[in-house]
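Novice: Position one of the sequence shown corresponds to residue 2 (my numbering), numbered consecutively onward. Each residue gets a CB set at the ideal place from its N, CA and C atoms; glycine is no exception. Could you have a look at this structure, given as C-alpha cells, before my questions?
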Amino acid sequence: MCRTHRLRFLAVCLLGAIPAVLVAGGVVPHDCHVKVVRVFTDGRADTNIVELVVSGNTASLMIPADRIGAGCLRVELWPNFAAAKKGDAGYFLLPDGRLGTFRERAGQVASTEGRNYMPFYGMKTPSCVFAAIAKSMQWRYSTRVKAEAGIYRVYTTYHLKGDAPYEDFEIAFTFLPLDAEYPQMARVYRDWQLSRGACKPILERMKSQPELALAATNIEVRVRQAWKPVPSPVPFQTRLNEPPVHPAVTFDRCGDILREFKRQGIDHAEICLVGWNKGGHDGAYPQLFPVSRFWVEKRGYAH
Numbered sequence: 002m003c004r005t006h007r008l009r010f011l012a013v014c015l016l017g018a019i020p021a022v023l024v025a026g027g028v029v030p031h032d033c034h035v036k037v038v039r040v041f042t043d044g045r046a047d048t049n050i051v052e053l054v055v056s057g058n059t060a061s062l063m064i065p066a067d068r069i070g071a072g073c074l075r076v077e078l079w080p081n082f083a084a085a086k087k088g089d090a091g092y093f094l095l096p097d098g099r100l101g102t103f104r105e106r107a108g109q110v111a112s113t114e115g116r117n118y119m120p121f122y123g124m125k126t127p128s129c130v131f132a133a134i135a136k137s138m139q140w141r142y143s144t145r146v147k148a149e150a151g152i153y154r155v156y157t158t159y160h161l162k163g164d165a166p167y168e169d170f171e172i173a174f175t176f177l178p179l180d181a182e183y184p185q186m187a188r189v190y191r192d193w194q195l196s197r198g199a200c201k202p203i204l205e206r207m208k209s210q211p212e213l214a215l216a217a218t219n220i221e222v223r224v225r226q227a228w229k230p231v232p233s234p235v236p237f238q239t240r241l242n243e244p245p246v247h248p249a250v251t252f253d254r255c256g257d258i259l260r261e262f263k264r265q266g267i268d269h270a271e272i273c274l275v276g277w278n279k280g281g282h283d284g285a286y287p288q289l290f291p292v293s294r295f296w297v298e299k300r301g302y303a304h
C-alpha cells in the first residue's frame, strides 16, 4: 500500500497577497516523452509514444480533442520520468494535498476527479523534481500512483466514458533543481495562475473593492452571544424538550465592547455576532427567528 500523509501545502499556492516569484529552473530530462494509452468502450486499446515540446525548463504535451474522438473510455498519460524505486528518497504530491513516499513494493493510490482541488501534482526523486499542471480537462481526470514490484509510477487518467473530449488535452511539466521541495512546486502553480489572471493578489483586488480593503486591513471580532449545552443532553430536540439557552453576551454588552474599542483608538473593526438566533449558537438553524427569548425577557424587545 502506498503511504500518504496529509500536507498543508495548499496555502503556499493560494497566498494571493504575494506577487509572482520566478522559480529557479531545473533541467528537462533527455528523451522526455509520455506514453499515451487509449482504451475504447468496445475493449480495444492502443499505445503511442508522444515527445514533449520543450521550452526552457518546461516540457509540454498537447493532444487535440479531435485526435481522441468519441468512443474512448479513458486516456492514460504515463510520463517516462515520473518513476521511482522502493527506498528512493523523495515523494509524490497529489492534487488534494496528500504526500506519499516510496516505501512499499506494491499498492496504489488515486486523487479522483472530485478531489482535484487544484489541477496540479508533483514528484521529487533522486533524478528529477517536477511540478505538473493539467491546463485543460480538469474535471475529467484523476491522478494515480501505482507501485508494482517496487517500481513507482505517477500518471493521469482522463475518464471520458465514451464521450468526445470537450477541449484539447494539455499538461505542462516544469522541472526544478534537485534540491527543490514542495514549496517550489507550489510556486510553479501559483505563478501560472497569477500570470494568466486567474488569481489576483489581494493587494490588487483591494484597489477596486474598498469593502475588501476594509476587511483585510482591520481586525475581526466574533462574539458568541448564547448557546445550548454541548454535547447536548437531548439528541432529538423539539420546541417542547430543547435544553435551556445559556445567555453569555447581551447586545448591551456588545455596545460596551464597541465603545471601549473607540476609546482605545480602534476606529474600524469587522464585528460578527453569532448565537443571537432562536436557540442560541446551537439552536434551530437555519430557523433564525424569533431571537433567543432571553433577549426579550431582559429588554422587552418585541418578536
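Would the stretch 104-119 and the stretch 75-82 be scored as touching if the rule is three or more Cβ pairs under 8 Å?
Specialist: Not touching, per the Cβ criterion.
Novice: Please state whether DSSP places Ile272 in a helix, a strand or coil.
Specialist: The answer is strand: DSSP assigns Ile272 an E or B state.
Novice: Evaluate Leu95 with the Cβ neighbour count: other Cβ atoms within 10 Å of its Cβ, from every protein chain shown; 16 or more gives buried, anything less gives exposed.
Specialist: That one is buried.
Novice: I need the DSSP call for Ala181, collapsed to helix, strand or coil.
Specialist: The answer is coil: DSSP assigns Ala181 none of H, G, I, E or B.
Novice: Is DSSP giving Asp257 helix, strand or coil here?
Specialist: Note: Asp257 maps to helix in three-state DSSP.
Novice: Could you pull the start and end residues of the alpha helix (DSSP H) that Ile203 belongs to?
Specialist: Ile203 to Ser209 is the span of the alpha helix (DSSP H), which, as asked, contains Ile203.
Novice: For the candidate residues Lys147, Leu241, Phe174 and Lys201, whose alpha-carbon lies nearest to that of Phe121?
Specialist: Closest by alpha carbon: Phe174.
Novice: Going residue by residue through the stretch 62-128, where are the continuous beta strand (DSSP E) segments of at least 3 residues, counting only ones entirely within it?
Specialist: Fully enclosed beta strand (DSSP E) runs of 3 or longer: 73-80, 84-86, 92-94, 99-101, 108-112 and 121-125.
Novice: On the premise that Thr158 lies in contact with Tyr307, defined as a C-beta separation below 8 Å, what is that separation, rounded to the nearest angstrom?
Specialist: In this structure the chain extends from 2 to 304, so residue 307 is not present and cannot be described.
Novice: Under 8 Å between the Cβ atoms of Arg223 and Cys273?
Specialist: Yes. Within cutoff.
Novice: Determine the burial state of Val22: buried for a count of at least 16 other Cβ atoms within 10 Å of its Cβ, exposed for fewer.
Specialist: Caution applies to Val22, whose pLDDT of 39 falls short of 50 and renders its modelled position unreliable; the value that the coordinates give is listed next. When all chains shown are included, Val22 counts as exposed.
Novice: For Trp140, count neighbouring C-beta atoms within 10 Å of its own C-beta (all shown protein chains included) and say buried if the count is 16 or more, exposed if not.
Specialist: That one is exposed.
Novice: Tell me whether the beta-carbon of Tyr92 lies closer than 8 Å to the beta-carbon of Lys136.
Specialist: No, the Cβ-Cβ distance between Tyr92 and Lys136 is not below 8 Å.
Novice: Please report how far the alpha carbon of Asp253 lies from the alpha carbon of Arg260, in whole angstroms.
Specialist: Straight-line Cα distance between these residues: approximately 11 Å.
Novice: Taking DSSP's pairing of strands, which residues face Trp228 in a bridge?
Specialist: Answer is His247, bridged to Trp228.
Novice: As an exercise, report each continuous beta strand (DSSP E) stretch of at least 3 residues that is fully enclosed by the stretch 138-170, in chain order.
Specialist: The stretch 138-170 contains these whole beta strand (DSSP E) runs: 142-149 and 152-160.
Novice: Whose CA, out of Phe131, Ala71, Glu243 and Ala249, lies closest to the CA of Leu179?
Specialist: That would be Phe131, whose Cα lies nearest to the Cα of Leu179.
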